[in-house]
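First residue of the sequence shown? That's 314 in the numbering used here, and the numbers climb one at a time after it.
We treat Cβ as the ideally placed atom computed from N, Cα and C, and that holds for glycine.
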Amino acid sequence: MLFVLEPVDEKLPQAVAEERLLIGCKCVICNKTTEPFHVYPDDFEDWQNGKLAQVAFPYLAPNQREILISEICPSCFPSDV
């Protein structure tokens, strides 16, 4: 289950933090919540409308994009895929 958390990051200036969404995911296998990460709202909307994750979020690590796509955390994702 994907969820959008409050876009607050104390390390960022407030204006920058407000421009990004903090995304979290509950793993569908182990039910643990993944470490949240930031994405830009326009990129998230593009992805929701069908843009490939690697195109919509080139700044995310591959395992972060996989969390968005499959809703499976890195420890539960098969290493042979």
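Determine the DSSP secondary structure at Phe390, reduced to helix, strand or coil. Here Phe390 sits in coil by DSSP.
Answer with buried or exposed for Ala374, where buried requires no fewer than 16 other C-beta atoms within 10 angstroms of its C-beta. exposed
Take Ser383 and list the residues in its own chain whose beta-carbon comes closer than 6 angstroms to its own, dropping the five residues that flank it on each side. Taken in chain order, the list of residues that qualify is empty.
If you draw a straight line from the alpha carbon of Ile342 to that of Pro391, how long is it in whole angstroms? Each residue's Cα considered, the two are about 12 angstroms apart.
So, is Ala328 buried or exposed, given that buried needs 16 or more other C-beta atoms within 10 angstroms? Legend: pLDDT at Ala328 = 49, less than 50; position of this residue unreliable, value from coordinates given subsequently. With fewer than 16 other Cβ atoms within 10 Å, it is exposed.
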